[in-house]
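Trainee: Pasting a structure below so you can have a look.
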Amino acid sequence: MYAFKAQSGITPEFASCDTSLVNGYVVGGHVHVGDVGRPLAEWLGALGLTVPGMPIGSPGMEMGSQRDAFNTLLLLHYGSTKVFERHA
Numbered sequence: 001m002y003a004f005k006a007q008s009g010i011t012p013e014f015a016s017c018d019t020s021l022v023n024g025y026v027v028g029g030h031v032h033v034g035d036v037g038r039p040l041a042e043w044l045g046a047l048g049l050t051v052p053g054m055p056i057g058s059p060g061m062e063m064g065s066q067r068d069a070f071n072t073l074l075l076l077h078y079g080s081t082k083v084f085e086r087h088a
């Protein structure tokens, strides 16, 4: 799994437990389906999306009404990122 993450461009500081490929883009961590469903034109020039860690309240990490704020990051080349979506 770690080799796949590295080959996909997810460096350890942006990694989480789950990683997949969607239409040739990497999706790492507990990314909200609404983020994945946004037009691929918004992803141009990127490797994919990731949610680092396992924030409470992110998809698959629900704990009642408790929620952590978290960002979905757009993975860019050479290890850089930018915020794709903010979740409160």
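Using the numbering used here, read the sequence shown as starting at 1 and increasing by one per residue.
C-beta atoms are modelled at their ideal positions from N, C-alpha and C, and glycine is treated no differently.
Report the three-state DSSP secondary structure of V31 (helix, strand or coil).
Mentor: Here V31 sits in coil by DSSP.
Trainee: For V26 and L74, I'd like the C-alpha separation in whole angstroms.
Mentor: 10 Å
Trainee: CA-CA distance, E42 and P55?
Mentor: 24 Å
Trainee: Per DSSP, which residues does F84 bridge with? Please list them.
Mentor: DSSP, once it has assigned bridges, lists no residue as partnering F84.
Trainee: What residues in its chain sit with their C-beta under 8 Å from that of T50, if we drop five residues either side in the sequence?
Mentor: I10, F14, A15, S16, V26, V27, G28, G29, V31, T72, L73, L75 and T81
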